[in-house]
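Student:
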Amino acid sequence: MYLWGMLSVQQLSVYFGGTVLFEDLNFQVNTNDRIGLAGRNGAGKSTLMKIIAGIQVASEGSVNKPKEFRIGYLPQEFAHQSQKPVREEAAEAFAEVLALDARLKSITEELQTREDYESDGYLKLIEDLNTVQERFDLLEGNKIEERLERVLKGLGFLEEDLDRPMSSFSGGWQMRVELAKLLLIQPDLLLLDEPTNHLDMDSIIWLEQFLAAYPGAIMMISHDKQFLDSLTNRTIEITGGKIEDYKAAYSKYLVLRKERREQLLNAKKNQDKEIARMERNIERFRAKASKASFAQSLQKKLDRTERIEIDEEAIRSMQIRFPEPPRSGKVVVEAKGVAKSYGDKKVIAPFTFSVDSGDRIAFVGKNGMGKTTLSRIIAGDLDYNQGHLELGHNVALGYFAQHQTERLRAEHSILEEMEMAANQTDRFSQVRGILGAFLFSGEEVEKKIKVLSGGEKARVSLAKLLLEPINFLILDEPTNHLDIISKDVLKQALKHFPGTLIVVSHDREFLQGLTTKTLEFTPEGIKTHLGDIDEFLSKKQLDSFRTMEQQKQSAETKKGSPSEPSDYHQKREAEKQQRKLQSQLKRAEEKVQKLEAQLALMDKELLDPERFKERSQDAAYFERYNGLKKELEKAMADWEAAMAALEN
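So for the sequence shown, the numbering used here puts the first residue at 8; every next one is plus one.
(1) Starting from K249 and walking both ways along the beta strand (DSSP E), at which residues does that stretch end?
(2) Which of the three DSSP states is assigned to G163 in this structure?
(3) Could you tell me which residues DSSP pairs with G79 in its beta bridges?
(4) Identify whether R367 lies in helix, strand or coil by the three-state DSSP scheme.
(5) Taking the DSSP output, what are the residues bridged to E341?
(6) In this structure, how does DSSP classify T380 when only helix, strand and coil are distinguished?
(7) Figure out for me which residue from A500, D514 and R515 has the closest Cα to the Cα of L508.
(8) Pull up the CB-CB distance for I441 and A470, whole angstroms please, since I reckon it's below 8 Å.
(9) Going by DSSP, what residue range makes up the beta strand (DSSP E) through Y22?
(10) Chain B beta carbons: is any one of them nearer than 7 Å to that of K546?
(11) When you compare only the Cα positions, how much space is there between L389 and G49?
(12) DSSP three-state label for K295, please.
(13) According to the neighbour-count rule (16 or more other Cβ atoms, all chains shown, within 10 Å of its Cβ), is E152 buried or exposed?
(14) Between S460, A369 and G161, which lies nearest to I421 when the distance is taken from Cα to Cα?
(15) The beta strand (DSSP E) that contains S69, what's its start and end?
(16) Which value, in whole angstroms, describes the spacing of the CA atoms of D351 and A652?
(17) Considering Cα atoms alone, identify which of I481, L526 and N204 is closest to L489.
(18) At which residues does the beta strand (DSSP E) containing Q35 begin and terminate?
(19) Would a C-beta distance cut-off of 7 Å place L404 and F329 closer than the cut-off?
(20) Count the C-beta pairs between the region 79–90 and the region 178–188 that are closer than 8 Å, then say yes if the count reaches three, no if not.
(21) Ignore the nearest five residues each way along the sequence and tell me which others in A417's own chain have a CB closer than 8 Å to its CB.
(22) Per DSSP, which one or two residues make a beta bridge with L508?
(23) Assuming L521 contacts F370 under a Cβ cut-off of 8 Å, what Cβ separation, rounded to an integer in Å, is found between them?
(24) Mark Y253 as exposed unless 16 or more other C-beta atoms lie within 10 angstroms of its C-beta, in which case mark it buried.
(25) So, for Q605: in the same chain, excluding its five sequence neighbours on each side, which residues have a beta-carbon less than 7 Å away from its beta-carbon?
(26) May I have the straight-line CA-CA distance separating S568 from K259, to the nearest angstrom?
(27) Spatial neighbours of A321 within its chain, please: C-beta separation below 7 Å, excluding the five flanking residues on both sides.
(28) Do A607 and A707 have their beta-carbon atoms positioned less than 7 Å apart in this structure?
(29) Among residues of its own chain, excluding the 5 on either side of Q411, which ones have a beta-carbon nearer than 7 Å to its beta-carbon?
(30) Please state the DSSP three-state secondary structure of I315.
(31) Can you tell which of G51, I481, S361 and I355 has the C-alpha that lies nearest to the C-alpha of K343?
The structure is reproduced here in structure tokens:
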């Protein structure tokens, strides 16, 4: 049931200390609006969403809505502590339906035990039964199980996943459950902050189709241009602390925005000329007694002039330049018969390949086919079961993992995180300069990692890569959490990267002009294609990765679901293996938590000047400290391996 009233934002302002994030924002959200929220990282997009959702309070102004107006909000990330099975957690979306169902059963049972058919109490029960039943039917209470499974499976969960505990899933999969709950609740206004970050292409396609038919209003932040173009009919940009409202989808908004900026630049140029002319006349006439009153009149006119202001895009833009790397040998990686499996599950069949100096390779294909697994094996972040892999002469490798931001230390400031990483390099003195290139300057470098947005955390993780000259760079979904502008800047920096590059991505636009070879990961194995991503898609007569996945979905629908074990014994063996992996995951999690707690206590001691002075004389203490860090790295690797095995 939807309320067709409007939500209005009035005179909304947010100040942090003496800094204005945005000021005097005014706009309305109408029924069936599909709004893309645009602007640079740090412009205040996520903050505005949190204020509309009622999670954060504005410094000034208000958000007004009808009394029963429902708002649903999906953040970029959150800590989920639920131990419930996926099905039960998602069913919380139907709290009202479940309460109505319980009430129906209670009334029915009471009616069956009473015989005072003519009494007021009995008639009141009949009336309540009809009221509750009408509401239950209106909310389609008899279809909740069907709706729940449709949404969860659309977001990538298999039937056997639905009864697994939430704690056995990674943070990305837990976010999918949270998204499923919102889609099932169907609020009047749906606020989505980077909803595709944790989704594979199949799930993105499904979500696009679901949201296209959504009966309420939607406001979203996304770095996926195609996702925005397929869904939005309006773009609100936060720029220079103000908003610009365009009745257009993202790509059209970019055109309109460029036209508007050109008009403003011309108007500002003319205004600046007029202001300069008035200022010259004021100076000329001020000293003459006969012209003094005229000068005063001109000054008042000048003071009343409303100056045209333009957000100068070039003032603060990421200026990423990778340091000049050492020269590597001709062969950067050589692998013979490398294979990876988890139990009976083969992720990578025996594969022989080599990477030469200067190669620029895209890893593409459906999630679960081994893209991340192979990139981790090459990076030395994951062991393989058979074969041989060796890095070439003088290879200096840098690796950005898909969940790299989760490895940042939440209690560190940005500066502390960078300085800790810089301890092993000769670039300690350049830390602040590198942070400045990634838009962290002044007091911003003292912000704690835990308060940063997803995009800011991604920038910190990328900044750490620049602390050491590297000639071989592996990036696994580097654009997750980056806004569209930052994504474009990163792409330009990578175009000028002088070393060897491997990029795992499903973003065609990001890959265009960036790579010269494509490795396609398929159920039949890994296939090599010469040429950039456009040539790869052209050979397959496709216009995007979305088309590729849609064709796969259509083919799989026709031939059924061959991946599901039809044999009873196979299914039992699969369940046995799953329980074993869940046990391994739990043990790994407990070990990581234990080691992190021990290191946290030691870090606390080292921050105390007196204790540090005492400990600095104790070589055994630091030996134990370094030993715990190595143990933690291994425990994290074990945890990631168990998680990857479960997800695969």
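Ideal placement from N, C-alpha and C gives every residue a C-beta, glycine not left out.
Tutor: In brief:
(1) K249 to Y253
(2) coil
(3) L197
(4) strand
(5) S361 and E397
(6) helix
(7) Measuring C-alpha to C-alpha distances from L508 to each of A500, D514 and R515 identifies A500 as the nearest.
(8) Taking 8 Å as the upper bound for CB-CB distance, I441 and A470 are in contact here, some 5 Å apart.
(9) L14 to F23
(10) Of the protein chains in the structure, only one exists, and it is not chain B.
(11) 35 Å
(12) Here K295 sits in coil by DSSP.
(13) Per the 10 Å Cβ criterion, exposed.
(14) When the alpha-carbon of I421 is set against those of S460, A369 and G161, the nearest one is in S460.
(15) E67 to N71
(16) Their backbone Cα atoms lie some 10 Å apart in a straight line.
(17) N204
(18) T26 to V36
(19) no
(20) yes
(21) K455, I456 and K457
(22) Answer by DSSP bridge pairing, in chain order: R367 and L480.
(23) Going by Cβ atoms, the distance from L521 to F370 rounds to 12 Å, so no, they are not a contact pair.
(24) buried
(25) L635
(26) With a pLDDT of only 39 at S568, under the threshold of 50, the placement of this residue in the model should not be trusted; the figure read from the coordinates follows. S568 and K259: Cα-Cα distance of roughly 40 Å.
(27) Summary for A321: the model assigns pLDDT 38, below 50, so the residue's position carries little reliability, and this model does not support an answer.
(28) The chain is shown from 8 up to 655; residue 707 falls before or after that span and cannot be answered.
(29) S468
(30) coil
(31) S361
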